[in-house]
Each structure stands twice: as C-alpha cells, then as structure tokens.
Amino acid sequence: GADSNKKDEL
Amino acid sequence: MNIFRLAGDMTHLASVLVLLLKIHTIKSCAGVSLKTQELYAIVFATRYLDILTSFVSIYNTLMKLIFLGSSFSIVWYMKYHKTVRRTYDRDQDTFRHWFLMLPCLLLALLIHEKFTFFEVLWTFSLYLEAVAILPQLVLLQRTRNIDNLTGQYIFLLGGYRGFYILNWIYRYFTEPHYVHWITWIAGLVQTLLYADFFYYYFLSWKNNKKLQLPA
Chain A
10 GADSNKKDEL
Chain B
550 MNIFRLAGDM
560 THLASVLVLL
570 LKIHTIKSCA
580 GVSLKTQELY
590 AIVFATRYLD
600 ILTSFVSIYN
610 TLMKLIFLGS
620 SFSIVWYMKY
630 HKTVRRTYDR
640 DQDTFRHWFL
650 MLPCLLLALL
660 IHEKFTFFEV
670 LWTFSLYLEA
680 VAILPQLVLL
690 QRTRNIDNLT
700 GQYIFLLGGY
710 RGFYILNWIY
720 RYFTEPHYVH
730 WITWIAGLVQ
740 TLLYADFFYY
750 YFLSWKNNKK
760 LQLPA
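Here the protein sequences come in this chain order: A and B. With my numbering, letter number 4 in the first sequence gets 13, and the count goes up by one each step, no holes. With my numbering, letter number 201 in the second sequence gets 750, and the count goes up by one each step, no holes.
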C-alpha cells in the first residue's frame, strides 16, 4: 500500500 | 522504529553536533572539508523535499529540521563567519565535488524506484550521501593528520551508516515486503568508504598514538 513505501527513514 | 535505527539517528545527530560545537566553540574549521559540508547540505535539501508534504512523525520532522539547520549552519560558518572562514584550508580542500554530483544525478535518472521528480532527487541524495565524505577523506590524506574532533566526526558519521545497515537487516527479517535495494547498496558503499578510515582510527586508538593516515 502507499504507506509501505512511505519514506519513514531519515 | 528499532534500536538500530534509533542508534543510527542518534550517532548521526552526534556527528553533526560535534562538528558544529567544534566550529562554534574554538571558532575554527581547520581540517574540515567545506566541500563535504556543502555536499551534505545538498544531500539533506534533496532528501527532505517532502518535509512539508508528507508527515511521518514528530520525531521524523524534528530530526529533518535539525539536520537541515545544522548542515547549512556549518556551511554558513565556514563560508561567511568572519573568524572561522579564515581558518578554512581552501588550497588543500580542492576536491572537484561538482564532479561527484553529476554522476550521482545521472545514476539517479537511470536507477530509481519511481521516475518522479521527488523520487529521482531522493535517489540522487542517497547516491550523493554515499560519496559525500570523499573530499573530507582526501583532505585528511593531504594534511596527513587529524585532530580529535574531526576524527570523532568521521567516526560517528561512519558509525551511523553502520547502524543503518543493521536496521535494514532487522527490517528485512521483521517486515514483509521491506526491500529497498537502492538504499541498501548505496548505504553499503558509503560504509565501505569509511572502512579503511576506521582501520587506521582503531590502530591509532590501540597504539594510543596520533592518527596518521598513510600517504
């Protein structure tokens, strides 16, 4: 889904 | 968030704060490569373009602001601060860092996860971060020695990427479909670039003598 490839890392 | 990524972020934070503290306290940037600092400012600027559009967490946004603020502050100090700029070793810090940016941009245009403006610039920032330390390592080879704070700066910077590799391994095994080859390979290349520095840093620490890099 969208959030799976959301960039959550810095 | 896992302990490896938190350790990585804290180590990264420490590296920029150590450098900013050194420059602010002793009003000197001797031994520091402005080219590397300019590359890092570009890395953060192209990495965090989505800071206003995509909200992940307070932590994420706060850290992005700190990294952006500190990297641009360091460049400002080294270029424009009346006292600090005089301590910048411009004749030795001659790495053609613009020649690093072009291949990274071309590579990002060729290899990326999605061909969109943000994604290509984000990928560019990954490739650029992998090589951004080169001007600093070249400067150290030239000046042949390294003062403690600059050594700590590079040591922490290498450590942050090492922790991130552990974080990627952890996430690969704990999160289904967590696969980001581009990030992993760029991060691995970056960490390997530090490997020889780490070796000499460890030797100097073990033999308790000033760190001398081979010519």
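A virtual CB, placed ideally from N, CA and C, is assigned to each residue, including glycine.
Looking at B:Thr692, B:Gln685, B:Phe664 and B:Lys759, the one whose alpha-carbon comes closest to that of Tyr743 of chain B is B:Gln685.
Nearest CB-CB separation between Phe621 of chain B and chain A: not below the 9 Å threshold.
Under the three-state reduction of DSSP, Gln641 of chain B is assigned to coil, being neither helix nor strand. Per the coordinates, the alpha-carbon of His726 of chain B lies some 13 Å from the alpha-carbon of Lys15 of chain A. The distance from the Cβ of Phe704 of chain B to that of Tyr750 of chain B is about 6 Å, consistent with a contact at the 8 Å cut-off. In the DSSP annotation of this structure, the continuous segment of the alpha helix (DSSP H) that includes Gln685 of chain B starts and ends at Leu683 to Thr692. Residues Leu675, Tyr676 and Ala679 of the same chain have their beta carbon placed closer than 6 Å to that of Ala735 of chain B, with the five preceding and five following residues left out of the count.
Under the 10 Å beta carbon count, Tyr629 of chain B is surrounded by fewer than 16 other beta carbons and is classified as exposed. Rounded to the nearest angstrom, the gap between the Cα atoms of Lys631 of chain B and Tyr637 of chain B is 11 Å.
Interface annotation, Arg554 of chain B: in contact with chain A, CB-CB separation under 9 Å. Contact between the segment 580 to 595 of chain B and the segment 620 to 629 of chain B is present: three or more C-beta pairs spanning the two stretches fall below 8 Å. Put simply, of B:His561, B:Gly707, B:Asn716 and B:Tyr721 the residue whose alpha carbon is nearest the alpha carbon of Asp745 of chain B is B:Gly707.
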